[in-house]
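Taking our numbering, the leading residue of the sequence shown gets 804, the next gets one more, and so forth.
Cβ coordinates follow ideal geometry from the N, Cα and C atoms, glycine included.
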Amino acid sequence: MDLYTFSYNQQVTPEVIDELNHVNNVVYVQWIQDAAVMHWNKVAPEHIKNKYVWVIVRHEIDYKQPGKLNDELLIKTKVLNAKGVVSERQVQIFRASDLQLLVESKTKWCMIQSDIQRPARITDEIKSLFLPV
C-alpha cells in the first residue's frame with residue numbers, strides 16, 4: 804500500500820443486513836463517506852481542518868459482490884486527483900478473508916471554506932497530504 808492510501812477494517816453486523824441477507828447499499832454509501840472523513844481527520848492538521856470542510860458533488864458506485872453477515876471488510880481509500888476546488892477520491896471495499904472486491908466508488912468532493920461557506924481552491928499544502936506533488 805502506498806503512503807497516500809488509508810485503510811481500515813469494518814465488521815458486517817446484523818443491523819446493516821437487508822431483506823436480501825447482505826449489506827444494504829445505503830450502508831456502503833455511509834462507509835464510503837466515513838472512509839473519506841477518517842482519512843481527512845488522520846492526515847490534515849488542525850488549522851486546516853478548522854478552516855475547510857468537504858461536500859460531495861457526485862458519487863459513482865459499482866456494487867460487484869454482496870457483503871454478508873459477519874464478514875470482515877477491508878476498506879481502502881485514496882485521492883486520485885485534485886484540481887481547482889474539487890478532488891476525486893476512490894474507495895474500494897474488499898472482503899478481508901479473500902480480498903474479493905465488493906464495492907468500488909469514485910466520489911467528487913468540493914472543498915468549502917467554513918467561515919464563508921464557499922468553494923475554496925485546493926492548495927498545494929492540502930494536495931501534498933493526499934497526492935505526490
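Mark residue i as exposed unless 16 or more other C-beta atoms lie within 10 angstroms of its C-beta, in which case mark it buried.
i      : result
Val858 : exposed
His842 : buried
Ile919 : exposed
Comparing C-alpha positions only, which one of the options sits nearest to residue i?
i      : options                           : result
Gln868 : Val856, Val826 and Trp834         : Val826
Lys886 : Glu875, Leu904, Val936 and Glu849 : Val936
Ser890 : Lys871, Tyr811, Leu932 and Ile896 : Leu932
Trp834 : Ala923, Asp927, Lys852 and Ile864 : Ile864
Tyr811 : Ala839, Ile851, Ser908 and Ser917 : Ala839
Ser917 : His850, Tyr831 and His842         : His850
Lys909 : Val860, Lys871, Pro922 and Ser900 : Val860
Lys911 : Val894, Thr926, Pro817 and Glu822 : Val894
Ser900 : Glu907, Gln920 and Gly870         : Gly870
Gln813 : Ile878, Tyr866 and Lys852         : Ile878
Gln903 : Tyr866, Val830 and Pro817         : Tyr866
Glu907 : Ile915, Glu822 and Gln836         : Gln836
On the premise that residue j lies in contact with residue i, defined as a C-beta separation below 8 Å, what is that separation, rounded to the nearest angstrom?
i      : j      : result
Val815 : Asn873 : 6 Å
Val888 : Ile929 : At roughly 11 Å, the Cβ-Cβ gap does not stay under 8 Å, so Val888 and Ile929 are not in contact.
Lys845 : Phe809 : 6 Å
When the Cα atoms are used, what is the spatial distance from residue i to residue j?
i      : j      : result
Leu883 : Leu876 : 22 Å
Cys913 : Lys854 : 14 Å
Asp805 : Leu934 : 10 Å
Lys881 : Val832 : 16 Å
Asp898 : Ala847 : Per the sequence shown, the amino acid found at residue 898 is Arg instead of Asp. Near 28 Å, if we compare the C-alpha coordinates of Ala847 and Arg898.
Pro922 : Val856 : 10 Å
Leu905 : Asn828 : 11 Å
Tyr807 : Arg892 : 11 Å
Pro817 : His862 : 26 Å
Val830 : Ile915 : 25 Å
>> For a minimum of 4 consecutive residues, which ranges assigned as the alpha helix (DSSP H) are wholly contained in the region 829-909?
In response: 849-852
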